[in-house]
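Only one structure is covered here, and it is reproduced in the block below.
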Amino acid sequence: MSGAVNTIERFILENQPDYARGEFTNLLYDIALAAKLIAIKTNRAGLVNILGEVGEDNVQGEKQQKLDVYADDIIFRMCDHTGRLCAMASEEREGLIEIPDRFRKGSYVLVYDPLDGSSNIDVNVSIGTIFGIFRAVDWNLRGRLEDVLQPGRNMVGAGYVLYGASTMLVYSTGMGVHGFTLNPELGEFLLSHPNMSLPEPPAYYSVNTSYYRRWSPGVQKYLRWLQGQEGDDPQLSSRYIGSLVADFHRNLLRGGVFCYPSEMNKPNGKLRLLYEAAPLAYLVEQAGGYATDGRDSILDIVPDSIHQRTPLFIGNRSLVERVESYVAEEEKQKGR
2 MSGAVNTIER FILENQPDYA RGEFTNLLYD IALAAKLIAI KTNRAGLVNI
52 LGEVGEDNVQ GEKQQKLDVY ADDIIFRMCD HTGRLCAMAS EEREGLIEIP
102 DRFRKGSYVL VYDPLDGSSN IDVNVSIGTI FGIFRAVDWN LRGRLEDVLQ
152 PGRNMVGAGY VLYGASTMLV YSTGMGVHGF TLNPELGEFL LSHPNMSLPE
202 PPAYYSVNTS YYRRWSPGVQ KYLRWLQGQE GDDPQLSSRY IGSLVADFHR
252 NLLRGGVFCY PSEMNKPNGK LRLLYEAAPL AYLVEQAGGY ATDGRDSILD
302 IVPDSIHQRT PLFIGNRSLV ERVESYVAEE EKQKGR
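Reminder that position 312 of the sequence shown reads as 313 in the working numbering, one-by-one numbering, no gaps.
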């Protein structure tokens with residue numbers, strides 16, 4: 002390796018604006034440290050007693066995995082006392098996570114999915130952490146629901162951690178997307194993927210096609226187009242892991258689109274807007290892509306609840322905008 006080794010701490014420090022007070026920079030350090038601790042457990046998941054279900058359901062009605070609970074607790078305990086946050090929201094907790102009164106409140110809000118893809122834990126498939134950061138709506142007040150329920154467009158930073166063959170942290174603060182790989186010998190995240198952008202032409206589409214009959218006609222037509230059955234052929238291969246972070250990461254590196262449409266019995270979709278779809282939408286736009294629910298940009302949707310769900314189509318803009326045209330065509334035919 003030639004040149005200086007660029008750790009995530011060094012990179013964040015060198016790229017913070019001159020007027021920065023360090024609060025936001027240190028919040029990113031906190032998240033990186035939490036990721037290291039979670040990575041230690043995920044890498045040893047088959048050797049220690051942290052696999053399997055706890056026996057309780059989380060707020061989504063889904064079985065909590067032991068590693069889910071651990072990851073949520075680590076992120077909370079890394080961030081609750083630092084004076085950098087005024088509130089948090091997590092997939093694993095029902096309501097707003099307030100900063101305890103004994104700690105100084107900060108200027109930022111953290112929303113996170115501590116362990117996305119946790120249904121894959123027991124089969125050793127890549128899983129991840131997703132996070133987004135907002136500024137507090139009113140810096141003079143302690144955290145309120147209004148601080149959390151902001152559109153993704155208001156984010157000042159977002160990212161994910163992928164726990165796979167190696168652990169990677171990918172994030173953006175509005176100045177491009179940058180990826181860091183954890184060197185376990187040094188215990189440091191090192192810059193490995195600077196200035197990430199979606200390549201053209203894209204290579205893949207990622208969707209669970211077994212749900213085809215549950216989708217609207219417009220989305221069904223979109224899938225047929227992805228498969229090259231509707232006019233112009235985008236010439237894509239199918240790749241679907243079923244772990245959002247893993248599918249998104251692959252498509253970010255190779256180009257493509259990830260789809261999780263709404264279904265007849267799930268008209269609002271399944272993925273959570275605030276701490277899954279919106280942070281990844283922020284990242285994908287920084288990488289030159291686009292994310293939609295089929296009608297509107299994910300970043301422009303104002304959540305009305307912490308655990309609001311949404312359909313999601315995310316990836317290269319040329320692929321994602323096509324689904325909006327098919328959905329609009331369907332609705333026009335229905336006379337909406």
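Ideal placement from N, C-alpha and C gives every residue a C-beta, glycine not left out.
All values derive from a computational prediction rather than experimental measurement.
In the structure shown, the three-state DSSP call for Thr311 is strand. For Gly257, DSSP records a beta bridge to Tyr205.
By the neighbour-count criterion, in which 16 or more other beta carbons inside 10 Å mark a residue as buried, Ile41 falls on the exposed side. Of the residues Arg22, Ala159, Lys37 and Gln17, the one whose Cα lies closest to the Cα of Glu186 is Lys37. Taking a 10 Å sphere around the C-beta of Gly96, we find fewer than 16 other C-beta atoms and assign the residue as exposed.
Here Val303 is exposed, its C-beta having fewer than 16 other C-beta atoms within 10 Å. Using a Cβ distance threshold of 9 Å, Ala204 and Gly257 count as a contacting pair. Ser244 sits close to Gly129, with the two beta carbons spaced by under 9 Å. Across the set Val110, Phe181, Leu146 and Leu170, the C-alpha of Phe181 shows the shortest separation from the C-alpha of Val6. Take Arg215, set aside five residues on each side of it, and the residues of its chain with a beta-carbon closer than 6 Å to its own are Glu264 and Met265, in chain order. The C-alpha of Gly153 is placed about 17 Å away from the C-alpha of Arg318. Selection Tyr327, Val162, Gly118 and Phe77 evaluated against Glu231 yields Tyr327 as nearest (Cα-Cα). Look at the region 208-286 and you find these whole runs of alpha helix (DSSP H), each 4 residues long or longer: 218-227 and 245-255. Boundaries of the beta strand (DSSP E) around Thr182: Val178 to Asn184. Under DSSP, Asp117 takes part in a beta bridge, and its partners are Gly129. Taking the Cβ atoms as the reference, Ala279 lies roughly 23 Å from Gly165, outside the contact range of under 8 Å. Apart from sequence neighbours up to five positions away, the residues of its chain that approach Ser207 with a beta-carbon distance below 6 Å are Arg240, Tyr241, Asp248 and Phe259, ordered along the chain. For Tyr276 against Leu300, the beta-carbon gap comes to about 14 Å, at or over 8 Å, which does not count as contact. The shortest CA-to-CA distance from Met176 to any of Asn196, Leu227, Gln236 and Arg251 is the one to Asn196. Secondary structure at Ile98: strand, using DSSP grouped into helix, strand and coil.
Taking C-beta atoms under 8 Å as the contact rule, Ser127 and Leu163 qualify, at a distance of about 6 Å. Annotated as distal: Leu192 and Leu320, with beta-carbon spacing of 9 Å or more.
Nearest C-alpha to Ile100 among Asn121, Asp117 and Arg78: Arg78. His179 and Pro115 have their alpha carbons spaced roughly 20 Å apart.
Under DSSP, Leu111 takes part in a beta bridge, and its partners are Met89 and Ile134.
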